[in-house]
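Trainee: Below are the structure tokens for one structure; questions will follow.
Residue numbers (the working numbering), protein chains in the order written: chain A, 1 to 223; chain B, 1001 to 1223.
Written out as structure tokens, the structure reads:
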């Protein structure tokens, strides 16, 4: 069982979030810490994907996880069982994290001994997309049951993500989900987004995702 | 094909949304219009559920639909094909609707000839729960793939809903979804919430839902 604590996040006092996010990123660069901001709808499989990612990378990278949630501790407990350092961030009803809230989380987590910090953002496809957290890369999970039309309906989220994981591909036969159409819609929003179909539950596609993430961490730490 | 138009919603100028919501409700009462506020995560099946609800009730009630979306028209087109009056509300990136935004929608839709107006709120389990729209009743859809733990993670949403539709029950065998636990968690948040398991795609449970809704509309119009 890894470390586990709960932090009540305070509302930010900074006016200019974009500037503040740049400051967070500069701090992370200096300390050689890569921050991934992971976003999705509620129930898309963020926590399961994280657990599987930890399994694949924990012997190669020192990992720390921040679980943002409105007020439950369900996910942070699950993550702590993976044997990595984690912290639960309670947003007190707020629907997103901005850069200063992320900074509070990083401080609470402690990043001196961390290569890869992952922020599991609040489950929401709207608000988190509007606030730069200071992350090095943004990832999102779209799960098959949500439907392939989501890039049309939540354009900002898809446009700011460097990678889109399409999760729960094992249940594709039971849903009207058109993977090619989904990729096409994502490309309309963001031609540079990498798309990786996965099934976090069975492990399918997870090695490609872990390899991408490890490569990004290495590049951030060495360049 | 029903009527179909697009309305760009303006940000509210009212300070006190709760008071404004009461004013919207009083206006609706005077005109004999029942407003249902329908909320859920992205991809839970709101539009499919609406289409099926319209099919079941359109010969008994005069229905008008407001489809709130950040900027697409996908859903309003689908609804217009059902032959009822509908309007697409573009929120311009905003993550929820408040009472004045709803008033703009009702005015755009035109409710003189409507018994049942339904607002399909923005797909989000966080922000819409914080703003009273002026609706007579609140409903939400939780779909099976999202998981039975959602009432623990999005407490406010479950606490303000009069009815929770548990959708996509046909795929229950493929997901770890415990219906009894889900009902228990919902009751923890809101002991008065009515829970109706449905499958909008196959029609299962939809008659119970339509009967509940019709009864509520009748009561609002006659008492």
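Even glycine gets a Cβ: it sits at the ideal position worked out from N, Cα and C.
#1: CB residue 196 of chain A to CB residue 179 of chain A, shorter than 8 Å?
#2: Would you mind working out which of B:1213, B:1030, B:1162, B:1058 sits nearest residue 1193 of chain B, comparing C-alpha positions?
#3: Less than 6 Å between C-beta atoms, sequence neighbours within five positions excluded: which residues of the same chain meet that for residue 21 of chain A?
#4: Could you tell me whether the segment 149 to 163 of chain A touches the segment 109 to 123 of chain A, where touching means 3 or more Cβ pairs closer than 8 Å?
#5: CB-CB under 8 Å to residue 1023 of chain B, same chain, minus the five flanking residues each way: which ones, in chain order?
#6: Could you tell me which of B:1172, B:1168, B:1182, B:1210 sits nearest to residue 1200 of chain B, measuring between CA atoms?
#7: Residue 1218 of chain B by DSSP, collapsed to three states: which one?
#8: Do residue 1032 of chain B and residue 1066 of chain B have their beta-carbon atoms positioned less than 8 Å apart in this structure?
#9: Would you mind sorting residue 1059 of chain B into buried or exposed? The rule is 16 or more other CB atoms within 10 Å of its CB.
#10: Residue 144 of chain A to residue 175 of chain A, Cα distance in whole Å?
#11: How close, in whole Å, do the beta carbons of residue 1068 of chain B and residue 1097 of chain B come, if the pair is a contact with beta carbons under 8 Å?
#12: Using a Cβ-Cβ distance under 8 Å, would residue 97 of chain A count as near chain B?
#13: On the three-state DSSP scale, how would you describe residue 120 of chain A?
#14: What residue from B:1019, B:1043, B:1050, B:1028 has the CA that sits closest to residue 1258 of chain B's CA?
#15: For a contact defined as C-beta to C-beta under 7 Å, what are the partners of residue 1069 of chain B on chain A?
#16: What does the alpha-carbon distance come out to for the pair residue 1215 of chain B and residue 1110 of chain B?
#17: According to a CB-to-CB cut-off of less than 7 Å, which residues of the segment 1139 to 1153 of chain B neighbour chain A?
#18: Taking 8 Å as the threshold (C-beta atoms), are residue 1063 of chain B and residue 1084 of chain B in contact?
#19: Does residue 193 of chain A come out as helix, strand or coil in the three-state DSSP assignment?
#20: Using the Cβ count rule (16 or more neighbours within 10 Å means buried), how would you classify residue 1115 of chain B?
#21: Specify, as a first and last residue, the run of the beta strand (DSSP E) that residue 1034 of chain B falls within.
#22: How would you label residue 53 of chain A, buried or exposed, when you count the other beta carbons within 10 angstroms and need 16 or more for buried?
#23: Below 8 Å between beta carbons: does that hold for residue 1126 of chain B and residue 138 of chain A?
#24: Residue 161 of chain A CB to nearest chain B CB: under 8 Å?
#25: Report the partner residues of residue 59 of chain A according to the DSSP bridge assignment.
#26: May I ask you to report which of helix, strand or coil DSSP gives residue 1161 of chain B?
#27: Cutting at 7 Å between CB atoms, please list the residues of its own chain near residue 1186 of chain B, excluding the five before and the five after it.
#28: Please list, in chain order, all residues of the same chain as residue 82 of chain A whose beta carbon is under 6 Å from its beta carbon, the five residues on each side excluded.
#29: For the segment 130 to 177 of chain A, list the alpha helix (DSSP H) runs that are entirely contained and at least 4 residues long, ordered along the chain.
#30: Under 8 Å between the Cβ atoms of residue 1155 of chain B and residue 1189 of chain B?
#31: Tell me the DSSP bridge mates of residue 1070 of chain B?
#32: Just the Cα atoms here: how many angstroms apart are residue 1140 of chain B and residue 16 of chain A?
#33: Going along chain B, which residues have a C-beta under 8 Å from residue 125 of chain A?
#34: Give the interface partners of residue 1174 of chain B over in chain A, defined as CB-CB distance under 7 Å, in chain order.
#35: Pull out every residue of the segment 72 to 84 of chain A whose Cβ sits closer than 7 Å to any Cβ of chain B, in chain order.
#36: Provide the residue(s) that pair with residue 64 of chain A in DSSP beta bridges, ordered along the chain.
Mentor: According to the structure data:
#1: Taking 8 Å as the Cβ cut-off, residue 196 of chain A and residue 179 of chain A do not qualify as a contacting pair.
#2: Here the closest residue by C-alpha is B:1162.
#3: 99, 132, 134
#4: no
#5: 1099, 1134
#6: B:1168
#7: helix
#8: no
#9: Residue 1059 of chain B is exposed by the Cβ-count criterion.
#10: 7 Å
#11: 6 Å
#12: No - not a single Cβ of chain B is within 8 Å of the one on residue 97 of chain A.
#13: strand
#14: Because chain B spans 1001 through 1223 in this model, residue 1258 of chain B falls outside it and cannot be assessed.
#15: Within 7 Å Cβ-Cβ: 153.
#16: 23 Å
#17: 1143, 1145, 1146, 1147, 1149, 1150, 1152, 1153
#18: Yes, these two residues count as a Cβ contact at 8 Å.
#19: DSSP places residue 193 of chain A in coil when its eight states are reduced to three.
#20: buried
#21: Per DSSP, residue 1034 of chain B belongs to the beta strand (DSSP E) from 1034 to 1040.
#22: Per the 10 Å Cβ criterion, buried.
#23: It is not a contact, given that the beta carbons lie outside the stated cut-off.
#24: no
#25: Residue 59 of chain A pairs with nothing; no bridge assigned.
#26: coil
#27: 1151, 1158, 1164, 1193, 1195
#28: These residues qualify, in order along the chain: 51, 54.
#29: If you keep only unbroken alpha helix (DSSP H) runs of at least 4 residues inside the segment 130 to 177 of chain A, you get 150 to 153, 155 to 160.
#30: The Cβ atoms of residue 1155 of chain B and residue 1189 of chain B sit closer than 8 Å to each other.
#31: DSSP lists no partner for residue 1070 of chain B.
#32: Whole-angstrom Cα-Cα distance: 35 Å.
#33: 1042, 1123, 1124
#34: Here the neighbours are 171, 174.
#35: 72, 74
#36: A:85, A:117
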